[in-house]
Structure formats: C-alpha cells, structure tokens
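Participant: Sharing a structure here in structure tokens format.
Residue numbers (the numbering used here): 72 to 371.
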C-alpha cells in the first residue's frame, strides 16, 4: 500500500479495503460483492481467460455479456483519453518523418519498416503496424515488408501504428520519389478529395452512412469512377478498431467526443496503392484533428 498514489489509496479506503487485491479480477469481484450487486454486465469481448476468471469469481452474481455495450460507451472519449490518442498519433508521425528523410533509391521496404519500428519503440510505444509498400507492390497491403528497393518515380506508401499508454494510433501517407506522373497525381487527387469530403460531413448528430456516401461520391467524381470501399473510417482508442465504423449501413448518429480514423485508400494491382488516413475528434461543429502531417501527395 505504501507505494500507491493518492487516487489508488482513496479507492481502497472508499471500499473499506486494507490492501490491494491480488489482481484486477479479484479487485472487481470484491467491490461488487461488497456493494451487494446481484446482476452485472461483463465485457465478454476481451481476453477469454479474464472473462472466465471474473465470472468464476462472481459466484452468486448474474453475469450478463456486455462487450458490445462497453464498446459503444468507449466510443466517446474523455479529455485525458483524447490527449493520450494525440500523443500516440504524434509518435507515429515522428516515425513517418524519419522514414521520409531516409527514402532514397536503393532503400528497401524492410529497411524503412525497421526504421519506423525503431522510432516508435524508442519513444516508448509498442509498434503494431509498420507497413511500407514500394512501387506497384504498394497495392499488396497487410503483408510483411520485403527487400523490394526504391527507384525514381516509385510510390512509397506507409501505414504505421502503435500502442502507447494503452491507446492506439494508426496513420497512413503516400509519397512519390521524383515528380509524379499524371496517373499517380490524378489518382491521388481523387483519394484526397474523398477524405476531404468525408471529413467535411463529420459532426455530432450526423449518421456514419452519410459520411460514407459523400466520400465514395467524391472519389468517383474526382477521377476514380470505380472507387469502392467497405468503410471509410473507424473509431480508435483502447482498440485499433473501436466503434463506430463508417459504413453505408451505419445509421447511428456520431457523438461529440468520438475519435475517428478517416481513411480513403485506393489499391490497384499493377499500379500501386495510395493511402491517406487521419485521426480526429468529432465536435458539435465539425472535427478537431489529432494528426497533423500534411495530407497532400509528398514528393521526395
């Protein structure tokens, strides 16, 4: 008990305890039993062993699976959570800047990915995503980086993520080595227009499906008539994919304080991948960005 802070001591004293429980499961079980709780909603969406342990420790309490309810509650963030998400996003952006400084003809995907992971680790974060795609292979996402090297004229697409202080970050950007050819520039304009259209529609009370529709329409009218996506963004927080998901089926209104990742990538086999992803907070009037890197196509 001597090593506890003021807040932890206050919690222990409030519930009449003399010392901390042996673990979180027993702490929760003790509090609920002492409070006389007979029915409790339990998060069944986390680790199965923790869920089973809590249910077993709550003998006599009717445990109701409530993982989905907890995810909905978590969609709206407290100010301290927003600051943690801002810090995590800053770490990812620092990794991106380090990679951009290192990109040159002859640098490999694997080399650049290792640099990104090192920057995030050295900042005290746990890297969760360090995707680097070069040239036409940038269309092949969700894979390990290879020894494919950068050449002049190549696309370099990065999608990095980390966990820091329990909260996640996930951001993406695209660059080109040398002046982009008209096809790259045109495709990226459409991707950028889609993200901008989505962000312009976001505000408290607006349905996710409305945001989705405007993003898809903008991409198609700006130069990619066949542009298609299952979603154009997702919540982020204690999980990399929190609620809500910005799909064409989600009629739920967005709430102020929700933190979203907005993304409108385009992947074309034989051409490459263009990705743009930002983190922002929903407000009554619109949005507040937690990510700050430039959103235009970067020319290296």
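Even for Gly, the Cβ is constructed at its ideal location relative to N, Cα and C.
How should residue 352 be labelled, buried or exposed, when 16 other C-beta atoms within 10 angstroms of its C-beta is the threshold for buried?
Facilitator: Looking at its Cβ environment, which holds 16 or more other Cβ atoms inside 10 Å, residue 352 is buried.
Participant: Mind checking which residues open and close the beta strand (DSSP E) that includes residue 176?
Facilitator: From DSSP, residue 176 is part of no beta strand (DSSP E); its letter is neither H nor E.
Participant: Taking the Cβ atom as the reference point for each residue, do residue 199 and residue 311 lie within a distance shorter than 8 Å?
Facilitator: Yes, the Cβ-Cβ distance between residue 199 and residue 311 is below 8 Å.
Participant: Return helix, strand or coil for residue 266, following the three-state DSSP convention.
Facilitator: Looking at residue 266 - three-state DSSP - the assignment turns out to be helix.
Participant: Between which two residues does the beta strand (DSSP E) carrying residue 231 extend?
Facilitator: From DSSP, the beta strand (DSSP E) with residue 231 extends over 226-235.
Participant: If you count every other CB in all the chains shown that lies within 10 Å of the CB of residue 363, and 16 or more means buried, which is it?
Facilitator: Result: exposed.
Participant: Measuring straight from C-alpha to C-alpha, what distance separates residue 74 and residue 116?
Facilitator: With a pLDDT of only 43 at residue 74, under 50, the local geometry of the prediction cannot be trusted, and the value read off the model is given with reservation. Spanning the two alpha carbons is a distance of roughly 32 Å.
Participant: So, are the CB atoms of residue 210 and residue 340 less than 8 Å apart?
Facilitator: Going by C-beta atoms, residue 210 is nearer than 8 Å to residue 340.
Participant: At which residue ranges does the segment 266-354 contain complete beta strand (DSSP E) runs of 3 or more residues, listed in the order of the chain?
Facilitator: Those beta strand (DSSP E) runs which fall completely within the segment 266-354 and span 3+ residues are 304-306, 313-316, 330-334, 337-339, 343-345 and 348-353.
Participant: Within 10 Å of its beta-carbon, does residue 346 have 16 or more other beta-carbons around it, so buried, or fewer, so exposed?
Facilitator: Per the 10 Å Cβ criterion, buried.
Participant: State the CB to CB distance for the pair residue 203 and residue 371, rounded to an integer number of angstroms; the pair is presumed to be in contact (CB under 8 Å).
Facilitator: Contact doesn't hold; Cβ gap of about 13 Å is too wide.
Participant: Consult DSSP for residue 250 and reduce its assignment to one of helix, strand or coil.
Facilitator: Three-state DSSP puts residue 250 in coil, outside helix and strand.
Participant: Based on the DSSP secondary-structure assignment, which residues constitute the bridge partners of residue 205?
Facilitator: Answer is 227.
Participant: Of all the alpha helix (DSSP H) runs that stay within the bounds of the segment 89-151, which reach a length of 4 or more residues?
Facilitator: Whole alpha helix (DSSP H) segments, 4+ residues: 95-105, 119-128 and 138-145.
Participant: Look at residue 258 and residue 316 and say whether their C-beta atoms are less than 8 Å apart.
Facilitator: Going by C-beta atoms, residue 258 is not nearer than 8 Å to residue 316.
Participant: From residue 138 to residue 122, what does the alpha carbon distance come to, in whole angstroms?
Facilitator: Each residue's Cα considered, the two are about 10 Å apart.
Participant: Within 10 angstroms of the Cβ of residue 183, are there 16 or more other Cβ atoms? Answer buried if so, exposed if not.
Facilitator: Classification for residue 183: buried.
Participant: Using a Cβ-Cβ cut-off of 7 Å (strictly less than) and excluding sequence neighbours within five positions of residue 192, which residues of its own chain qualify?
Facilitator: Same-chain partners within the cutoff: 198.
Participant: May I ask which residues mark the beginning and end of the beta strand (DSSP E) holding residue 359?
Facilitator: Element bounds for residue 359: 358-360.
Participant: Compute the Euclidean distance between the alpha carbons of residue 217 and residue 201, then round it to the nearest angstrom.
Facilitator: Rounded to whole angstroms, residue 217 to residue 201 spans 12 Å at the Cα level.
Participant: Assign residue 183 to one of three DSSP states: helix, strand, or coil.
Facilitator: Helix at residue 183.
Participant: Is the number of C-beta pairs between the segment 236-245 and the segment 156-170 that are closer than 8 Å three or more?
Facilitator: Segments in contact, yes.
Participant: Could you tell me how far apart the beta carbons of residue 265 and residue 335 are, in whole angstroms, since I believe they sit closer than 8 Å?
Facilitator: Their Cβ separation, rounded to whole angstroms, is 4 Å, which keeps residue 265 and residue 335 in contact under 8 Å.
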